[in-house]
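Undergrad: Residue numbers (the numbering used here): 10 to 261.
The beta carbon of each residue, even a glycine, is placed where N, CA and C say it ideally should be.
Everything numeric in this text was worked out from a predicted model, so none of it was measured.
1. Is the stretch 124 to 136 in contact with the stretch 14 to 33, if contact means three or more CB pairs nearer than 8 Å?
2. Kindly indicate the opening and closing residues of the beta strand (DSSP E) around residue 38.
3. Would you check if the distance between the CB atom of residue 210 and the CB atom of residue 201 is smaller than 8 Å?
4. Using DSSP bridges, identify the partner residues of residue 198.
5. When the Cβ atoms of the stretch 54 to 67 are set against those of the stretch 115 to 126, are three or more pairs found closer than 8 Å?
6. What does the alpha-carbon distance come out to for the pair residue 175 and residue 163?
7. Use the C-beta contact count for residue 2: other C-beta atoms within 10 angstroms, 16 or more gives buried, fewer gives exposed.
8. Report the CB separation of residue 198 from residue 222 in whole angstroms; it is logged as a contact under 8 Å.
9. Check whether the stretch 228 to 235 and the stretch 29 to 45 touch, using three or more Cβ-Cβ pairs below 8 Å as the test.
10. Assuming residue 259 and residue 246 are in contact, meaning their beta carbons sit under 8 Å apart, how far apart are those beta carbons, in whole angstroms?
11. Using C-beta distances below 7 Å, list every residue in its chain close to residue 97, excluding the 5 sequence neighbours before and after it, in chain order.
12. Kindly give me the distance between the Cβ atoms of residue 217 and residue 95, rounded to whole angstroms, as I take these residues to be in contact under 8 Å.
13. So what does residue 207 bridge to, in DSSP terms?
14. Spatial neighbours of residue 251 within its chain, please: C-beta separation below 6 Å, excluding the five flanking residues on both sides.
15. How would you call residue 103, buried or exposed, if buried means at least 16 neighbouring beta carbons within 10 angstroms?
16. Are there 16 or more other CB atoms within 10 angstroms of the CB of residue 285, so buried, or fewer, so exposed?
17. Could you give the distance in angstroms between the alpha-carbon of residue 111 and the alpha-carbon of residue 88?
18. Run through the DSSP bridge pairs and tell me what residue 125 is partnered with.
19. How would you label residue 206, buried or exposed, when you count the other beta carbons within 10 angstroms and need 16 or more for buried?
20. In whole angstroms, give me the CA-to-CA distance for residue 40 and residue 82.
21. With H, G and I counted as helix, E and B as strand and the rest as coil, what does DSSP make of residue 96?
22. Which first and last residues belong to the alpha helix (DSSP H) in which residue 66 is found?
23. When the distance is taken between beta carbons, is residue 135 closer than 8 Å to residue 161?
24. Measuring only the C-alpha atoms, how far is residue 142 from residue 153?
25. Residues in the same chain with beta-carbon distance under 6 Å from residue 99, minus the five sequence neighbours each way, listed in chain order, please.
In structure tokens, the structure reads:
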């Protein structure tokens, strides 16, 4: 079973990772090309492009200038320990048992505007580049066209013919993987909370639930849809009535 998630904008490069194990991003050549373009942008350019504050544009201008290869443990950090958003709080890698780290490395993939497709232990340097950013690079007018079929082809190379793909990424990031080109069935878990008489997606809760789902899959070595339906963390339960062949609904 392979799982895909989105990255996070919030990063922690101050705290050391609890492991010395690491891998290198597969698409560093493409990342370097993107960074070369980002290096040409002023703080004001970044602010206009990304719709971010002056403080954030200055921070990311400096990040872009400082970004350089090769990556090592002195100038970079493993992705799963670097992202700190709600999904990653749900995964809580620091409390995951050491023997589960290889399973996490094998099963989880993180989509990224700058790095393409990351394994958890891939080294990264600080950045901000959301997949929906309309960054022009050469002849390509945005990141979806820049990455084109690269990411879905890479994922297909890793997937066994009978393997299941679990989509826990946001729509912005999942759009980088053309569904019609995937060679295996894909399941998307959906998390709903009952509020004011109806079930709604509360994004703050849903993001953390996606992280809980990743952890559930890794800790329980989940391989089938039936096992996936057993997810019951944080009072969520599977809803047969709301679910479809491609979407599994979990409600509370």
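TA: Let's see:
1. yes
2. Counting along the chain, residue 38 falls outside any beta strand (DSSP E), though it belongs to the alpha helix (DSSP H) covering 37 to 47.
3. yes
4. 257
5. The stretch 54 to 67 vs the stretch 115 to 126: no contact.
6. So the alpha carbons of these two residues sit roughly 16 Å apart.
7. Residue 2 falls outside the range modelled here, since the chain spans only 10 to 261, and no answer is possible.
8. Right, the Cβ-Cβ distance comes to about 6 Å (below 8 Å), so this counts as a contact.
9. no
10. By a beta-carbon distance limit of 8 Å, residue 259 contacts residue 246. Their separation comes to about 6 Å.
11. If we look at residue 97 and ignore the five residues flanking it on each side, its Cβ neighbours are 17 and 220.
12. Sure, about 5 Å apart at Cβ, within 8 Å.
13. 204
14. Once the five neighbours on either side are set aside, the close Cβ partners of residue 251 are 258.
15. Result: exposed.
16. Residue 285 lies beyond the range of the chain shown here (10 to 261); nothing can be said about it.
17. Whole-angstrom Cα-Cα distance: 14 Å.
18. 121
19. exposed
20. Each residue's Cα considered, the two are about 18 Å apart.
21. Of the three classes helix, strand and coil, the one that applies to residue 96 here is helix, per DSSP.
22. 63 to 75
23. no
24. 9 Å
25. 217, 220 and 221
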